[in-house]
Amino acid sequence: MADEAVPFDDRGFAYGDGLFETVLVRDGQPLLWGAHLRRLARGAERLEIPLPDAQTLASLPGQAGAGLYVLKLLVTRGSGGRGYASPESPAPRLRWRCMPFTPQSTHWRDGVRVRLCRLRLGQQPLLAGIKHLNRLENVMARREWCDADIAEGVLCDQHDRLVEATSMNLVWQRHGTLETPDLTACGVEGTLLAALRERLPIATRATGIEALMEADAAWVINSVQGVWPLRQLDDADGNCLKRWAVDTVHRHLQHHAHPLLGYPHDAFDEA
């Protein structure tokens, strides 16, 4: 079903008992579709939720028209069960919507300012990596600022180790090596990050904010917005911790990532 009413007793609505994917669709063709389906399948296996049949899922991107769209699909466990107890034979519920989309191309060119969040992510390895519906930590982190010049918030775990941004993954270059946080205990493994790791040597690091302070370049990335270079990192009180000049070093990741999404990858080389 498309964007129809969800019953009051739907477990996704009541408990966040479900999964979602947000997919960039260009002229009816989904980008990184295989990676999205694989992550959805991993999440379904973890939560033990049966997925809709492959033909139904494959038909969804075609609902978008010509141009650039974002497809958001949600799969919940459906209704039933008593309290937190799951129904013995769940009947999953699929909802989806296609929305026209315009990327923020100035962020590709000029880079973005980000801030550290006060909120610390809790660790739950069973839920790490997947895109489950319970995103309350991310919602609370995003409520920490209203300054329009702040594009994203950087999240650490309870041990002050870097994890992700509120809706994007983190990548940085330090001592000539591309690095990204360890996501085995918490955080979402983005599909663009997964695709880049198949093409580039990106090392996993369990590290704190010192990695960004030592970085020659840093980025926030996802499969809808693409790659935003970081130009400034602030602490949670708005004090500048680090500035980067957005230059050819920052363009390196865009060169590899943006063709996967149909975005420009060489328009800003002289920046």
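Mapping the sequence shown onto my numbering, position 188 (from 1) lands on 1548, and the numbers just tick up by one. Glycine is no exception: its CB is placed at the ideal position from the N, C-alpha and C atoms.
Taking a contact to require three or more Cβ pairs closer than 8 Å, the region 1457-1467 and the region 1494-1503 do not qualify as touching. Excluding sequence positions up to five before and after P1447, its CB lies within less than 6 Å of the CB of G1440, G1441, all in the same chain and listed in chain order.
Your pair G1471 and R1591 checks out as a contact, with CB atoms roughly 3 Å apart and the cut at 8 Å.
P1541: member of the beta strand (DSSP E) spanning 1537-1541, first to last residue. Of the candidates A1578, H1612, A1555, the residue whose Cα lies closest to the Cα of A1395 is A1555.
Taking C-alpha positions only, L1530 is separated from A1404 by approximately 25 Å. It is roughly 19 Å from the alpha-carbon of D1520 to the alpha-carbon of C1600.
Of the residues assessed, C1546 falls on the buried side of the cut-off, its CB having 16 or more other CB atoms within 10 angstroms.
Here the C-alpha atom of E1570 lies approximately 46 Å from the C-alpha atom of A1365.
A check of alpha carbon separations from T1564 across M1573, I1581, G1586, W1532 identifies W1532 as the nearest. Under the 10 Å beta carbon count, A1511 is surrounded by 16 or more other beta carbons and is classified as buried. Counting along the chain, M1459 sits inside the beta strand (DSSP E) bounded by residues 1453-1460.
In the DSSP annotation of this structure, the continuous segment of the alpha helix (DSSP H) that includes Q1614 starts and ends at 1608-1621. Within the same chain, Cβ atoms closer than 8 Å to the Cβ of G1586 are found at P1463, W1468, L1552, Q1614, A1617, H1618, L1621, Y1623, the five residues on either side in sequence being excluded. Apart from the 5 residues on each side of it in sequence, A1525 sits with its Cβ closer than 8 Å to the Cβ of V1474, E1512, G1513, V1514, L1515, V1580 in its chain, given in chain order. Close CB contacts of A1424 within its chain, under the 7 Å cut and outside five residues either way in sequence, are with V1385, G1388, L1431, C1458 (chain order).
L1407 sits close to L1379, with the two beta carbons spaced by under 8 Å.
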